[in-house]
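Visitor: There's a structure below that I have some questions on.
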Amino acid sequence: DAGVIQSPRHEVTEMGQEVTLRCKPISGHNSLFWYRQTMMRGLELLIYFNNNVPIDDSGMPEDRFSAKMPNASFSTLKIQPSEPRDSAVYFCASSLGLGGSNQPQHFGDGTRLSIL
Amino acid sequence: QKEVEQNSGPLSVPEGAIASLNCTYSDRVSQSFFWYRQYSGKSPELIMSIYSNGDKEDGRFTAQLNKASQYVSLLIRDSQPSDSATYLCAVNGGGTYKYIFGTGTRLKVLA
Numbered sequence: 010d011a012g013v014i015q016s017p018r019h020e021v022t023e024m025g026q027e028v029t030l031r032c033k034p035i036s037g038h039n040s041l042f043w044y045r046q047t048m049m050r051g052l053e054l055l056i057y058f059n060n061n062v063p064i065d066d067s068g069m070p071e072d073r074f075s076a077k078m079p080n081a082s083f084s085t086l087k088i089q090p091s092e093p094r095d096s097a098v099y100f101c102a103s104s105l106g107l108g109g110s111n112q113p114q115h116f117g118d119g120t121r122l123s124i125l
Numbered sequence: 004q005k006e007v008e009q010n011s012g013p014l015s016v017p018e019g020a021i022a023s024l025n026c027t028y029s030d031r032v033s034q035s036f037f038w039y040r041q042y043s044g045k046s047p048e049l050i051m052s053i054y055s056n057g058d059k060e061d062g063r064f065t066a067q068l069n070k071a072s073q074y075v076s077l078l079i080r081d082s083q084p085s086d087s088a089t090y091l092c093a094v095n096g097g098g099t100y101k102y103i104f105g106t107g108t109r110l111k112v113l114a
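Going down the list, the sequences are from chains F and U.
Heads up, the numbering used here is the position in the first sequence plus 9, with the first residue counted as 1.
Heads up, the numbering used here is the position in the second sequence plus 3, with the first residue counted as 1.
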């Protein structure tokens, strides 16, 4: 079975540009999570969706960040305008959320983002 | 503020020894606990999950959970150089799908 698929794997762009990261969750999973990982702050949850609905976006750092999940098989994380401090590895993860059940999250390979 | 604490390490153990990784958490209503392994430059990979007090064994890995003391640990028996990685503890509270991750413990297994 295909795992979580993220694109692009690497992105290098200049400050001020718009960046769009993409994620395809595991088929059948109904919860999707966007994380950011840096050496200084570790793995931080930015936002998560359940059944395509954003549930908790309290980790989104500021209005420059936005995320959408238009259907069960696709999500985007957008940064506009980008800044050098946004440089990090961005991971998408998915799980099968069933009521109160706590199924493991499975991670994609990540997008390594560098803002110059 | 819900927290998950791990010693950052590095924890160095000789090949063949038992590596013991520990994690404490602050939220008493936490229900699910996970250990992830992350190699440098790679994504976190799930290696163990545990939901009830006691031990859970899977091959060379044993997860231990003590809810009264609010800690969870991971034992790696017969450690191999290929086990050298950062190990992340993740805790899930009741009523949410959200994990809180620790900052990870870096393990080095010396050949």
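Cβ atoms here follow ideal geometry from the backbone N, Cα and C, with glycine treated the same way.
1. For the beta strand (DSSP E) containing U/N69, name the first residue and the last one.
2. Find the nearest neighbour of F/S75 within the set F/L125, F/M48, F/S91 and F/A81, judged by alpha-carbon distance.
3. Using 8 Å for Cβ pairs, my map puts U/A22 next to U/D61. What's the rounded Cβ distance?
4. What's the gap between the Cα of F/Y44 and the Cα of F/P93?
5. Decide yes or no for the touch test of the region 63-75 of chain U against the region 16-27 of chain F: beta carbon pairs closer than 8 Å, at least 3 of them.
6. Report the residues of the region 44-69 of chain F with a CB closer than 7 Å to any CB of chain U, ordered along the chain.
7. What three-state label does DSSP hand U/S85 in the structure shown?
8. Looking only at DSSP bridge pairs, what is U/S46 linked to?
9. In the DSSP assignment, find the unbroken beta strand (DSSP E) run with F/H8 in it and report its ends.
10. Could you tell me whether any Cβ in chain F is nearer than 9 Å to the Cβ of U/K5?
11. Starting from the beta carbon of U/F37, find every residue of chain F whose beta carbon is closer than 7 Å, and list them in chain order.
12. Please list, in chain order, the residues of the region 61-77 of chain U that have any C-beta partner in chain F closer than 7 Å.
13. Assign F/R73 to one of three DSSP states: helix, strand, or coil.
Guide: Reading from the atomic positions:
1. It spans F64 to N69 - the beta strand (DSSP E) in which U/N69 sits, taken as one unbroken run.
2. Of the candidates F/L125, F/M48, F/S91 and F/A81, the one whose C-alpha sits nearest the C-alpha of F/S75 is F/S91.
3. Between U/A22 and U/D61 the beta-carbon gap is near 15 Å, outside 8 Å, which marks them as no contact.
4. So the two alpha carbons sit approximately 18 Å from each other.
5. Touching, no, given that fewer than three Cβ pairs across the two stretches are closer than 8 Å.
6. Listed by position, the residues of the region 44-69 of chain F near chain U (Cβ gap below 7 Å) are G51, L52, L54, Y57, N59 and D65.
7. U/S85: helix per DSSP, three-state reduction.
8. In DSSP, U/S46 forms no bridge with anything.
9. An answer regarding residue 8 of chain F cannot be provided, because it is not within the stretch 10 to 125 covered by chain F.
10. So, not an interface residue.
11. When 7 Å is used as the limit between beta carbons, U/F37 is near these residues of chain F: P113, in chain order.
12. Here the close residues number zero.
13. DSSP, reduced to helix, strand and coil, places F/R73 outside both helices and strands of the structure shown, so it counts as coil.
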